[in-house]
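The end of the sequence shown is residue 377 by our numbering, with every number in the run present.
Every residue gets a Cβ at the ideal spot worked out from N, C-alpha and C, and that includes glycine.
Only one structure is covered here, and it is reproduced in the block below.
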Amino acid sequence: MFDVYGEFAVEVGGDDVIELLFTGGGSQTLSAGQGGTFAAGLRARPVATLPLSLFGSIGYKFVLNASDNADIRLTRIPIELGLRADVTDAVWAEAAYTRHAGITLYGDDFFSDVDFDAADGATLAAGWRWVGASYTAIRYTSEDGTEFDASNVGVTLRLALSDR
């Protein structure tokens with residue numbers, strides 16, 4: 214059995230990467246673990262009688278700034294490979310290897326773009342039917358060697374696109 218799924222997650226946490234000061238007053242802080250994620254994945258159950266399945270997903274995670282005159286943003290490509298246990302027909306738990314690649318803080322000509330090394334971490338998640346809660350432990354290192362804790366907690370909505 215396998216199924217294809219799409220998911221959306223909202224996550225918060227991590228070290229502050231930058232504080233943006235707005236010309237009209239106010240400010241916004243972009244954090245390393247903060248963002249929204251759109252992803253697609255595949256889950257396969259090798260042994261139909263066992264409540265265990267393997268899964269993998271790839272997505273796009275981003276956080277945008279709130280100003281009208283700039284497109285400053287932090288983006289990354291999260292990749293997950295893991296194991297899912299179906300505790301009951303509705304309750305599930307997951308553990309996954311997580312890699313964030315293509316991590317970039319875009320300065321939109323207000324400051325130079327900052328690239329980060331690809332980062333490896335781990336994600337634990339649990340949920341009921343199509344909604345789950347997650348914790349990801351991961352650290353980013355910028356091109357100048359500065360480290361940021363990008364660990365986060367999140368809420369995920371997952372929709373099965375097929376079920377075979």
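Which of helix, strand or coil does DSSP assign to residue i?
i           : result
residue 356 : coil
residue 365 : strand
residue 251 : strand
residue 323 : coil
residue 349 : strand
residue 329 : strand
residue 388 : In this structure the chain extends from 214 to 377, so residue 388 is not present and cannot be described.
residue 258 : coil
residue 283 : coil
residue 306 : strand
For the beta strand (DSSP E) containing residue i, name the first residue and the last one.
i           : result
residue 271 : 265-277
residue 341 : 332-341
residue 299 : 286-299
residue 219 : 215-225
residue 242 : 240-244
residue 229 : 229-234
When you compare the CB positions of residue i and residue j, do they come within less than 8 Å of one another, or not?
i           : j           : result
residue 269 : residue 218 : no
residue 250 : residue 227 : no
residue 337 : residue 326 : no
residue 311 : residue 334 : yes
residue 285 : residue 237 : no
residue 362 : residue 352 : yes
residue 274 : residue 291 : yes
residue 375 : residue 229 : no
residue 224 : residue 247 : yes
residue 267 : residue 257 : yes
Would you mind giving the Cβ-Cβ distance between residue i and residue j, rounded to the nearest angstrom? I have them listed as a contact below 8 Å.
i           : j           : result
residue 222 : residue 265 : Residue 222 to residue 265, Cβ: 23 Å. No contact.
residue 324 : residue 316 : Actually they are not in contact, since the Cβ atoms of residue 324 and residue 316 sit about 16 Å apart, beyond 8 Å.
residue 314 : residue 295 : That pair is no contact at about 17 Å.
Practice prompt. Inspect the CB distances between the stretch 272-279 and the stretch 301-312 and report whether three or more fall short of 8 Å.
Written response: Touching, no, given that fewer than three Cβ pairs across the two stretches are closer than 8 Å.
Discussion item. Taking contact to mean 3 or more Cβ pairs, one atom from each stretch, closer than 8 Å, check whether the stretch 357-370 and the stretch 332-348 are in contact.
Written reply: Contact between the stretch 357-370 and the stretch 332-348 is present: 3 or more CB-CB pairs across the two stretches fall below 8 Å.
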